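Notes follow the structure.
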Amino acid sequence: MAIRQDTLWEQFLSPLIRGLLDKEQMIAVRDRIDWQDTIDRYQLPAFVYPEYYHTQNYHGIEGGYLTQTAAITYDPITQYVLPPYEPWVRQGLINEVRSRPQRILDLGCGTGSMTIPLKKAFPDAVVTGLDLSPYMLAVAEDRARKAGLNIKWQHGTATELTQFEAGSFDTITAALLFHETPPAIAQTILTESYRLLAPGGQILILDGNQGTLRSLDWLNNIFEEPYIQAYAAGNLDAWLGKAGFDDVRTKDVFWLNQVTVGFRL
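Reading the sequence shown from the start, the letters are residues 26 to 290 in this note's numbering.
So, in structure tokens, the structure goes:
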């Protein structure tokens, strides 16, 4: 079991933010979901969770994303910690999508925070969200149902997506995923993404601004993010190039975040 880190979040910010949360709304989400039924439907049989994932705490939550607590608090908290305004930040990825995609795969989709806006932006596309946590998928399914959106949700690891044939998608996205994975895992995900993209397909990654994170070490100490320092020290452009992507470029999104895009030619 991971030992909780004494972060600025735990010392100062968590009590403040949690005081702003709509607890009644979170309770309503918790009570509306049939957790066991949903987890049984999504969780793959005999699935083995990667060690890097299940042995770490994220954001001060013991057990990380494999808990109800993480699933029902993720969206209420993220709206306050993705400045200046979460929808604007996520729109930064959507603005970089080329043409009108028909087959979108959203990796590390969590509660659907990026998947749902993608489906709204491209209603004719077949959109699939994939995540390691069936608890997060349970909330994603609930959110999509409430929004009247038809989205496919799948449980699994983005490092090995053998359920999909090569070239199955024309667009692959990942929002706030790579700072929560070791660089070696991130590289494997990008290599697998290259296989899954059809020729001419596009990958888009929204995440923390690596340059900003490197120059402001104190940002790395705000939340309990076990891999964020390794992410900050890396370079997504180089990782994408190593995976085979072309025309790679990164654009700042409100200074603290960035969108990196690449193409399979």
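Beta carbons are placed, not taken as given, at the ideal position from N, Cα and C, and that holds for glycine. Just so you know, these numbers come straight off a predicted model, no measurement behind them.
Item: Could you name the residues of the same chain whose beta carbon sits closer than 8 Å to that of residue 37, not counting the 5 residues immediately before and after it, in chain order?; Value: Confidence in residue 37 is poor, its pLDDT being 46 and thus under 50, which makes the residue's placement too unreliable to answer from.
Item: Three Cβ pairs or more, each shorter than 8 Å: is that satisfied between the region 225-241 and the region 273-288?; Value: yes
Item: Using CA atoms only, rank isn't needed, just tell me which of 220, 200, 184 and 204 is closest to residue 116.; Value: 200
Item: Put residue 28 into one of helix, strand or coil per three-state DSSP.; Value: Its pLDDT being 46, under 50, residue 28 is placed unreliably in this model, and the value from its coordinates should be taken loosely. Three-state result, residue 28: coil.
Item: Does the contact criterion of 3 or more C-beta pairs under 8 Å hold for the region 216-230 versus the region 179-190?; Value: yes
Item: Taking only runs of the alpha helix (DSSP H) that begin and end inside the region 195-226, which ones reach a length of at least 4 residues, in chain order?; Value: 208-221
Item: Which residue marks the beginning of the alpha helix (DSSP H) containing residue 253, and which one marks its end?; Value: 253-258
Item: Roughly how many angstroms separate the alpha carbons of residue 136 and residue 193, rounded to a whole number?; Value: 23 Å
Item: Around the Cβ of residue 290, are there at least 16 other Cβ atoms within 10 angstroms (buried) or fewer (exposed)?; Value: exposed
Item: For residue 180 versus residue 143, is the C-beta distance shorter than 9 Å?; Value: no
Item: For residue 58, which three-state DSSP category applies?; Value: coil
Item: Can you give me the C-alpha to C-alpha distance between residue 228 and residue 196, rounded to a whole angstrom?; Value: 6 Å
Item: Please identify the residue among 208, 266, 121 and 288 whose C-alpha is closest to the C-alpha of residue 258.; Value: 208
Item: Given that a residue counts as buried once 16 or more other Cβ atoms are within 10 Å of its Cβ, and exposed if not, what is residue 203?; Value: buried
Item: In chain order, what residues of the same chain lie with their CB nearer than 8 Å to the CB of residue 125, ignoring the 5 residues before and after it?; Value: 147, 149 and 150
Item: Does DSSP put residue 92 in a helix, in a strand, or in coil?; Value: coil
Item: Sort 190, 145, 161 and 157 by Cα distance to residue 173 and report the nearest one.; Value: 145
Item: Please return the same chain residues whose Cβ sits closer than 8 Å to the Cβ of residue 167, not counting the five positions on each side in sequence.; Value: 54, 57 and 58
Item: If contacts are defined as beta-carbon pairs under 8 Å, then residue 78 and residue 89 qualify, I think. What distance do you get, rounded to the angstrom?; Value: 7 Å
Item: Look at residue 230 and residue 157 and say whether their C-beta atoms are less than 9 Å apart.; Value: no
Item: Consult DSSP for residue 104 and reduce its assignment to one of helix, strand or coil.; Value: helix
Item: Are there 16 or more other CB atoms within 10 angstroms of the CB of residue 74, so buried, or fewer, so exposed?; Value: exposed
Item: I'd like to confirm the pairing. Which residues does DSSP put opposite residue 274 in its beta bridges?; Value: 286
Item: Alpha carbon to alpha carbon, how far is residue 343 from residue 206?; Value: For the chain, the structure presents residues 26 to 290; residue 343 sits outside this window and is missing.
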